[in-house]
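Data block below; observations after.
There are 2 protein chains.
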Amino acid sequence: MSKLRCHIAISADGFVAGPNQSEENPIGEGGERLHGWMLALAAWRESHGREGGEVNESTRIVEETRENVGAGVMGRNMFGPVGGGDWGVGQWKGWWGDDPPYHDDVFILTHHPREPLEMEGGTTFYFVTDGVERALERAKESADGQDVRLWGGAEAVQQYLALGLLDELELHIVPVLLGDGARLFENLASAEIELEQIRAVEAPGVTHVKYNVTRG
Amino acid sequence: MSKLRCHIAISADGFVAGPNQSEENPIGEGGERLHGWMLALAAWRESHGREGGEVNESTRIVEETRENVGAGVMGRNMFGPVGGGDWGVGQWKGWWGDDPPYHDDVFILTHHPREPLEMEGGTTFYFVTDGVERALERAKESADGQDVRLWGGAEAVQQYLALGLLDELELHIVPVLLGDGARLFENLASAEIELEQIRAVEAPGVTHVKYNVTRG
Numbered sequence: 000m001s002k003l004r005c006h007i008a009i010s011a012d013g014f015v016a017g018p019n020q021s022e023e024n025p026i027g028e029g030g031e032r033l034h035g036w037m038l039a040l041a042a043w044r045e046s047h048g049r050e051g052g053e054v055n056e057s058t059r060i061v062e063e064t065r066e067n068v069g070a071g072v073m074g075r076n077m078f079g080p081v082g083g084g085d086w087g088v089g090q091w092k093g094w095w096g097d098d099p100p101y102h103d104d105v106f107i108l109t110h111h112p113r114e115p116l117e118m119e120g121g122t123t124f125y126f127v128t129d130g131v132e133r134a135l136e137r138a139k140e141s142a143d144g145q146d147v148r149l150w151g152g153a154e155a156v157q158q159y160l161a162l163g164l165l166d167e168l169e170l171h172i173v174p175v176l177l178g179d180g181a182r183l184f185e186n187l188a189s190a191e192i193e194l195e196q197i198r199a200v201e202a203p204g205v206t207h208v209k210y211n212v213t214r215g
Numbered sequence: 000m001s002k003l004r005c006h007i008a009i010s011a012d013g014f015v016a017g018p019n020q021s022e023e024n025p026i027g028e029g030g031e032r033l034h035g036w037m038l039a040l041a042a043w044r045e046s047h048g049r050e051g052g053e054v055n056e057s058t059r060i061v062e063e064t065r066e067n068v069g070a071g072v073m074g075r076n077m078f079g080p081v082g083g084g085d086w087g088v089g090q091w092k093g094w095w096g097d098d099p100p101y102h103d104d105v106f107i108l109t110h111h112p113r114e115p116l117e118m119e120g121g122t123t124f125y126f127v128t129d130g131v132e133r134a135l136e137r138a139k140e141s142a143d144g145q146d147v148r149l150w151g152g153a154e155a156v157q158q159y160l161a162l163g164l165l166d167e168l169e170l171h172i173v174p175v176l177l178g179d180g181a182r183l184f185e186n187l188a189s190a191e192i193e194l195e196q197i198r199a200v201e202a203p204g205v206t207h208v209k210y211n212v213t214r215g
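Residue numbers (numbering that gives the first Met the number 0), protein chains in the order written: chain A, 0 to 215; chain B, 0 to 215.
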């Protein structure tokens, strides 16, 4: 069965982006420190058209995150500037350049209708205005039996978690204290969600912990 | 050099106690789920005078937490009822029974002066009213070259973290979402603290991640 999976880098104190996110700095102050372990990998560099890099225990983890993924879902803030602008009807094509690293259909949760945006490299952004459940349905149709990857950000993950729609969650726990920013786990007080630890992997500068997620 | 070390169980969403802590339920609703992995261990049962239990990857982790510890520091709420009572001048002897599992001197952070309280099994509780730094100094004197263990709770850990006085932090990350309660990492926005991941260990129902802590 097609799963909804989220693999996300998180600080030891629970933030997936630093404070003061802005158009200039969409991952917030210090947020780039969450991704250093990944950007150092040959596996990451190669998929972004670059040479060199490390091979270590994180390599197979990152490779696995890409396996059997047929489509994606993404919160609005991960696509466009926090707090606005007119990208909904304008020319904004996302933070991710002309050839985004998704290579399949990505469904953006938004309140602003917009025509689909076809990018280079197989990525097409679809803008879904009729709710997170519908976005997931459309992504699953597009994935055609493969899994759907929930790219983030924090709010989108919270929504799918609270609804019991997330099936798998992998935290890449980074030895950094951001102190403030976007907390991954928030607004979940009434959600009866159970986690089952599938595995944990120690790697240089990061610990990967993977959970099965079920309704309680 | 004598270190200040904290080894603490934490939910995947960052809580070290559940919501609605009370005299009847000092670890809050669901808080007992943070400790199930430990209570199942033969190593824990034996140290509490019980037989049986499991031996697994957590065993050496728990044994290590006890090694080279000569004294402890503890926040007020870990000793007595949240929000009050007159234990400061009364007969309250802590949550931990007549023979507490500490077996050495434990320094309680409090605003209420009280004479030291000698328990069975080698534990003596000292009540320190002149600040967290002084409590640590006294604990280090008592530890006589061994390490000092910071038992919790969340507030006490935050205070020592923010002051740059914590040297080692081990998180026992439990696959549970508590949704609410006492967050370990809070009030740290202005603390410039760096973590270095020393190791991570996968064990049944828990992942142990150990950090060196330094001032940034």
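Ideal placement from N, C-alpha and C gives every residue a C-beta, glycine not left out.
### Message
With distance defined between alpha-carbon atoms, name the residue in Gln157/A, Ile172/A, Val173/A, Pro174/A nearest to Val212/A.
### Response
For Val212/A, the nearest C-alpha among the options comes from Gln157/A.
### Message
Quick check on the DSSP output: the alpha helix (DSSP H) that includes Thr123/A runs from which residue to which?
### Response
It is not in any alpha helix (DSSP H) - Thr123/A instead sits in the beta strand (DSSP E) that spans 123-127.
### Query
So does the segment 187-196 of chain B actually touch the segment 32-44 of chain A, counting three or more Cβ pairs closer than 8 Å?
With the cut-off at 8 Å, the segment 187-196 of chain B and the segment 32-44 of chain A do not touch.
### Query
Checking contacts by CB at 8 Å: is Val54/A closer than that to chain B?
No, Val54/A does not count as interfacial toward chain B.
### Task
Just tell me which of Ser21/A, Phe14/A, Tyr101/A, Val54/A has its CA closest to the CA of Met73/A.
Restricting attention to Ser21/A, Phe14/A, Tyr101/A, Val54/A, the CA atom closest to the CA of Met73/A is found in Tyr101/A.
### Message
On a Cα-Cα basis, can you pick out the residue from Pro18/A, Gly151/A, Glu185/A, Gln196/A that is closest to Leu3/A?
### Response
Gly151/A
### Coil, strand or helix - Arg113/A by DSSP
coil
### Where Tyr210/B falls: helix, strand or coil (DSSP)
DSSP places Tyr210/B in strand when its eight states are reduced to three.
### Message
Counting only beta-carbon separations shorter than 8 Å, does Asp12/B have a partner in chain A?
### Response
Answer yes: the Cβ-Cβ gap between Asp12/B and chain A drops below 8 Å somewhere.
### Task
Leaving out five residues on either side along the sequence, give the residues of the same chain with a beta carbon under 7 Å from the beta carbon of Arg201/B.
According to the sequence as given, residue 201/B is Glu; it is not Arg. So the qualifying residues of the chain are Glu56.
### Task
Could you run through the segment 198-215 of chain A and flag, in chain order, every residue whose CB is less than 7 Å away from some CB of chain B?
Arg198, Ala199, Glu201, Gly204, Thr206, Val208, Tyr210
### Cβ of Gly163/B within 8 Å of any chain A Cβ
no
### Task
Could you list the residues in the segment 2-26 of chain B with a C-beta less than 8 Å from some C-beta on chain A, going in chain order?
Of all residues in the segment 2-26 of chain B, Ala11, Asp12, Gly13, Pro18 have a Cβ within less than 8 Å of some Cβ in chain A.
### Query
For Val175/A, which residues in chain B fall below 7 Å Cβ to Cβ?
Leu194
### Query
Name the DSSP beta bridge partners of Leu3/A, please?
Answer is Val147/A, bridged to Leu3/A.
#### Entry: Those runs of the alpha helix (DSSP H) which lie wholly inside the segment 134-185 of chain A and span at least 4 residues
153-161
### Task
Let me know if Pro174/A comes out buried or exposed under the rule of 16 or more other beta-carbons within 10 Å of its beta-carbon.
By the 10 Å Cβ count, Pro174/A comes out buried.
### Query
Candidates Gly121/B, Ala8/B, Ser10/B: which alpha carbon is nearest Asp98/B's?
Gly121/B
### Message
Can you find the residues in the same chain that come closer than 7 Å, C-beta to C-beta, to Asn19/B, ignoring five residues on each side of it along the sequence?
### Response
Gly27, Glu28
### Message
In this structure, how does DSSP classify Val54/A when only helix, strand and coil are distinguished?
### Response
coil
#### Entry: Length of the line joining the Cα atoms of Thr206/B and Thr64/A
20 Å
### Query
Can you give the Cα-Cα distance for Gly130/A and Met0/A, rounded to whole angstroms?
22 Å
### Query
Between which two residues does the alpha helix (DSSP H) harbouring Gly35/A extend?
35-38
### Task
Give every residue of the same chain whose Cβ lies closer than 7 Å to the Cβ of Glu53/A, excluding the five residues on either side of it in the sequence, and list them in chain order.
Ala39, Leu40, Ala41
### Query
Taking Cβ positions only, does Phe106/A come closer than 8 Å to chain B?
no
### Task
Note down, in chain order, every chain A residue with its Cβ under 7 Å from the Cβ of Ile60/B.
In chain order: nothing, as chain A lies at least about 12 Å away.
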